[in-house]
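Protein chains in written order, with the numbering used here: chain X, 1 to 438; chain W, 439 to 911.
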């Protein structure tokens with residue numbers, strides 16, 4: 001073919017040309033800008049508008065953030081300092097209020113000589129969460145995770161060390177009851193005994209036992225009243241407890257709603273829809289105004305505990321719906337395969353269904369966590385001093401009357417840090433558990 | 439085969455309630471029901487005992503008593519002698535108002551942000567990511583109080599609009615004023631109102647006429663415009679609420695033209711009828727297309743059917759826009775949207791929009807690229823690909839979570855209490871509850887209201903889900 005062609009064509013190339021460098025406009029910074037910022041006239045306009053917008057925002061915010069005062073003791077002093085340093089028309093932030101009040105914003109009215117306790121409790125919480133969240137950590141740390149739910153409240157509220165021991169003993173008794181009864185009378189009766197024995201222990205005997213032990217062997221730390229709780233400590237306390245408790249309750253509710261036992265299903269569905277149909281604020285009204293009505297006359301339990309209960313119920317209902325979504329997304333074959341293997345209901349759930357369903361619903365679970373944590377700010381409406389409630393009381397102070405942005409900015413920043421890291425963790429977890437081939 | 443025996447027809451033993459799977463589920467359910475009823479009975483008896491000890495048995499009679507408090511933003515006429523029930527209804531309407539406004543704005547912003555976040559423009563994509571993360575990771579309550587603070591601190595006071603060289607000026611040909619007391623926008627009023635409105639103009643007309651000192655009114659920049667309303671009015675009474683008197687000879691003396699509920703009902707009814715008519719024309723065009731293959735061009739007829747009747751009704755009612763005017767130290771006339779409403783509306787909308795943006799983005803990403811390519815291979819143009827192939831599939835993914843975001847927005851509107859907007863949480867769950875001391879009844883009613891709203895929205899959602907559900911094997 002080429003031979004015949006050689007007679008008619010004047011010139012035939014018989015060697016390959018060497019590779020040439022790509023044009024300068026399609027590589028490097030220039031190429032990237034052309035592809036991503038100026039690919040056509042519309043994109044170019046968008047880019048220019050965006051640059052103008054960013055410039056406007058930064059020009060408004062940055063001078064305010066950095067032409068600031070950190071040392072003043074009141075708002076007026078702050079303004080005087082900023083005027084002196086940056087000229088009479090300078091608008092600057094008065095970060096001094098954060099410097100002066102950050103301890104209060106974090107700990108509320110917790111006695112300052114006892115700050116080590118919430119700090120230790122927080123560290124303990126992190127250490128307890130560590131092995132749950134990251135499998136690379138040593139498995140022995142899980143013992144810490146088991147102990148933390150009893151140690152942390154004790155550290156925060158103080159009091160006799162025998163109370164958390166009595167509470168923990170309830171769980172031990174429940175386990176023992178399960179083993180004993182199950183070996184004698186079967187698993188179902190064992191489960192009932194495991195539910196009944198601890199409740200009876202806590203209701204009837206635990207306080208007496210703890211009091212007795214306390215009188216025999218006094219062991220305890222100074223008690224701190226709930227009304228001294230405040231700031232981020234309060235938010236984190238409510239948030240962590242609600243998050244930790246809502247997951248198991250949510251799993252149970254979701255299973256109940258999916259089950260084919262009609263009455264159980266009706267109860268679970270009713271509960272979930274009732275809670276999800278009303279705003280959290282009405283549930284907080286229930287906590288602050290009505291919950292004491294529902295209890296036997298004379299009981300008066302702590303407002304923070306009441307709020308925690310309602311927030312937990314609220315979070316559980318949302319969690320249940322998220323997990324139900326995960327359960328519904330599982331192919332039916334998984335259920336049938338579990339049945340075919342001869343697994344009973346709980347074994348099938350534990351070994352086959354739940355691991356997959358929970359994995360599917362990780363994004364939803366984490367965004368529920370984030371939502372619950374953000375919603376803890378609502379307690380300021382019923383008068384608890386969470387960071388937002390505290391910022392109002394700081395503003396009511398004569399020295400800082402009129403300060404707005406610095407406090408809101410600080411609180412928003414703290415919340416952002418917590419919530420953003422949670423959402424990043426969920427992405428990490430999703431990637432780690434990703435088993436499909438892509 | 440012969441080895442197989444029938445299950446023994448044994449007599450029923452008590453143990454079978456636990457060990458026989460046929461009966462076990464029944465046992466569990468009965469036990470659960472009994473436990474549930476015991477719990478409920480325990481709670482109710484405790485409540486009854488506690489309430490009896492306090493001497494306030496459950497009684498909803500307080501709702502008919504006079505409320506004796508003012509509500510600064512109302513959609514229906516209300517004054518402090520009306521009953522608690524009416525105050526609650528006003529609050530409920532306020533909740534619905536902010537919910538509807540919020541849903542509309544949140545959808546617009548959310549769709550825009552969601553689409554822009556997918557933009558090939560790197561900078562725009564990053565800005566939208568920052569917006570979404572910023573709003574999603576900070577509590578909505580903080581955004582609400584933050585928006586309130588921005589409105590109060592950064593907008594000019596009404597007095598800044600005064601004088602020959604005012605520091606601030608109104609927008610859109612002097613018809614909209616953004617002040618730190620709220621936004622003043624024009625209000626449509628009807629010169630030939632159907633209602634005869636014995637009550638409607640009361641909020642603005644009654645308190646205004648005696649109020650402003652004449653000297654201050656003379657200073658206002660708006661006095662020249664007021665003059666068109668009829669020079670007969672005394673300067674002190676030249677408030678916009680009364681200005682129309684001179685203009686419309688048709689208005690009987692004493693009764694002042696304004697908007698009444700009846701007018702709006704008529705307008706809405708006509709508009710709804712027009713929409714149905716336009717839809718019928720569309721169906722007719724569909725049938726014609728099925729039969730002949732050619733689609734008649736109906737867009738102009740449809741537009742005319744939708745808008746001409748409404749415009750005619752509006753003209754028949756003698757609609758005018760009543761502009762807010764600066765009188766004395768404040769604006770009068772027009773619609774006053776208070777700061778609390780604006781702050782709540784903006785904060786809720788932008789907060790929810792961040793979630794909606796993620797939903798929209800997810801929905802668009804969920805449609806595989808093959809769909810676009812297949813449609814292009816069929817020869818469809820890009821806009822037809824979007825409207826016929828991508829959107830119908832994406833909407834199926836987007837709508838259900840979108841509606842649950844609407845639900846969240848409605849529930850979050852209860853945070854109005856933080857900025858003093860009187861929604862139902864502020865009236866029924868706030869002042870009424872504090873005045874009457876009826877916590878149980880108020881909180882129950884409050885929950886019931888929200889529950890009904892939620893259930894209605896859920897019904898809509900389920901109806902939609904069933905309609906667009908893929909038919910599976």
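The C-beta atom is built at its ideal place from N, Cα and C for all residues, glycine as well. In this text the structure is predicted, and so the values were computed from the model without any measurement.
Self-check item: CA nearest to the CA of residue 211 of chain X, picked from X:238, X:244, X:165, X:237
Solution: X:165
Quiz item: In or out: residue 154 of chain X buried (at least 16 other Cβ within 10 Å) or exposed?
Solution: By the 16-neighbour rule on beta-carbons within 10 angstroms, residue 154 of chain X is buried.
Quiz item: So what does residue 769 of chain W bridge to, in DSSP terms?
Solution: Partner residues in the beta bridge of residue 769 of chain W, as assigned by DSSP, are W:764.
Quiz prompt | Where residue 374 of chain X falls, given that 16 or more other Cβ within 10 Å makes a residue buried | solution = Under the 10 Å beta carbon count, residue 374 of chain X is surrounded by 16 or more other beta carbons and is classified as buried.
Practice problem: Find out if the Cβ-Cβ distance for the pair residue 580 of chain W, residue 415 of chain X is shorter than 9 Å. | Solution: yes
Self-check item: Whole-number beta carbon distance between residue 544 of chain W and residue 794 of chain W, since they are thought to touch under 8 Å
Solution: 6 Å
Quiz item: Along chain W, which residues have their Cβ under 7 Å away from the Cβ of residue 412 of chain X?
Solution: 576, 580
Quiz item: What residues of chain X sit near residue 463 of chain W, judged by a beta carbon separation below 7 Å?
Solution: Near residue 463 of chain W (Cβ distances below 7 Å), the residues of chain X are 261.
Quiz prompt | Nonlocal neighbours in the same chain, by C-beta distance under 8 Å from residue 402 of chain X, ignoring five residues either side | solution = 75, 395
Quiz item: Can you give the Cα-Cα distance for residue 177 of chain X and residue 171 of chain X, rounded to whole angstroms?
Solution: 10 Å
Quiz prompt | For residue 620 of chain W: DSSP bridge partner residues | solution = W:617, W:776
Quiz item: Alpha carbon to alpha carbon, what distance is there between residue 555 of chain W and residue 709 of chain W?
Solution: Approximately 36 Å between the Cα atoms of the pair.
Quiz item: Along chain W, in chain order, which residues have C-beta atoms closer than 7 Å to that of residue 296 of chain X?
Solution: 484
Exercise. Give the DSSP bridge partners of residue 373 of chain X, in chain order.
Key: The partner list for residue 373 of chain X (beta bridge, DSSP) is empty, contrary to what the question assumes.
Quiz item: Closer than 9 Å, CB to CB, is residue 279 of chain X near chain W or not?
Solution: yes
Quiz item: Tell me the DSSP bridge mates of residue 248 of chain X?
Solution: According to DSSP, residue 248 of chain X bridges with nothing at all.
Practice problem: To the nearest angstrom, report how far apart residue 343 of chain X and residue 355 of chain X are at their CA atoms. | Solution: 15 Å
Quiz item: Taking Cβ-Cβ distances below 8 Å as the criterion, which residues of the region 852-863 of chain W are in contact with chain X?
Solution: For the region 852-863 of chain W, which is checked against every Cβ of chain X, the residues closer than 8 Å are 852, 853, 855, 856, 863.
Quiz item: Should the region 289-303 of chain X be called in touch with the region 873-889 of chain W, which here means at least 3 C-beta pairs below 8 Å?
Solution: yes
Exercise. Classify residue 331 of chain X as helix, strand or coil using the three-state DSSP reduction.
Key: coil
Exercise. Quick one: which unbroken alpha helix (DSSP H) runs of 4-plus residues sit fully inside the region 522-564 of chain W? Chain order, please.
Key: 522-555
Quiz item: When we look at the beta-carbon of residue 893 of chain W and count the other beta-carbons within 10 Å, is it buried (16 or more) or exposed?
Solution: exposed
Quiz prompt | Which listed residue (W:871, W:861, W:576, W:566) has its alpha carbon closest to that of residue 798 of chain W | solution = W:566
Quiz prompt | C-beta contact flag for residue 526 of chain W and residue 862 of chain W at 9 Å | solution = yes
Exercise. Counting only the same chain and skipping the five closest in sequence on each side, list residues whose C-beta sits under 7 Å from that of residue 239 of chain X.
Key: 372, 373, 376
Quiz item: To which residues of the same chain is residue 615 of chain W closer than 6 Å at the C-beta, ignoring the five residues directly before and after it?
Solution: 608, 622, 762, 769
Quiz item: With C-beta atoms as the reference, is residue 199 of chain X less than 9 Å away from residue 889 of chain W?
Solution: no
Self-check item: Test: residue 78 of chain X CB closer than 9 Å to a CB of chain W
Solution: No, residue 78 of chain X does not count as interfacial toward chain W.
Quiz item: Can you find a C-beta in chain X that's less than 9 Å from the C-beta of residue 649 of chain W?
Solution: Reliability of the predicted coordinates at residue 649 of chain W is poor, the pLDDT of 36 falling under 50, and the value obtained from them is presented with this limitation in mind. No, residue 649 of chain W lies away from the interface with chain X (no Cβ there is under 9 Å from its Cβ).
Practice problem: Under 6 Å Cβ to Cβ from residue 90 of chain X, same chain only, skipping five residues before and after it: list those, please. | Solution: 67, 82
Quiz item: In chain W, which residues lie less than 9 Å from residue 377 of chain X when you measure between Cβ atoms?
Solution: 577, 578, 579, 580
Quiz prompt | Per DSSP, the bridge partner or partners of residue 759 of chain W | solution = Answer is W:626, bridged to residue 759 of chain W.
Practice problem: Counting only runs of 4+ residues fully inside the region 139-210 of chain X, write out the alpha helix (DSSP H) ranges in chain order. | Solution: Counting whole runs of 4 or more residues, the region 139-210 of chain X contains the alpha helix (DSSP H) stretches 142-157, 162-185, 187-200.
Exercise. Return yes when the C-beta of residue 322 of chain X is under 8 Å from any heavy atom of the ligand GDP, and no when it is not.
Key: Ligands are entirely absent from the displayed structure, and the ligand GDP is therefore not among its contents.
Quiz item: Under a CB-based cut-off of 9 Å, is residue 301 of chain X close to chain W?
Solution: Taking 9 Å as the threshold, the shortest C-beta distance from residue 301 of chain X to chain W does not fall below it.
Exercise. Determine the closest residue to residue 317 of chain X out of X:364, X:102, X:335, with distance taken between C-alpha atoms.
Key: Nearest of X:364, X:102, X:335 to residue 317 of chain X, Cα basis: X:364.
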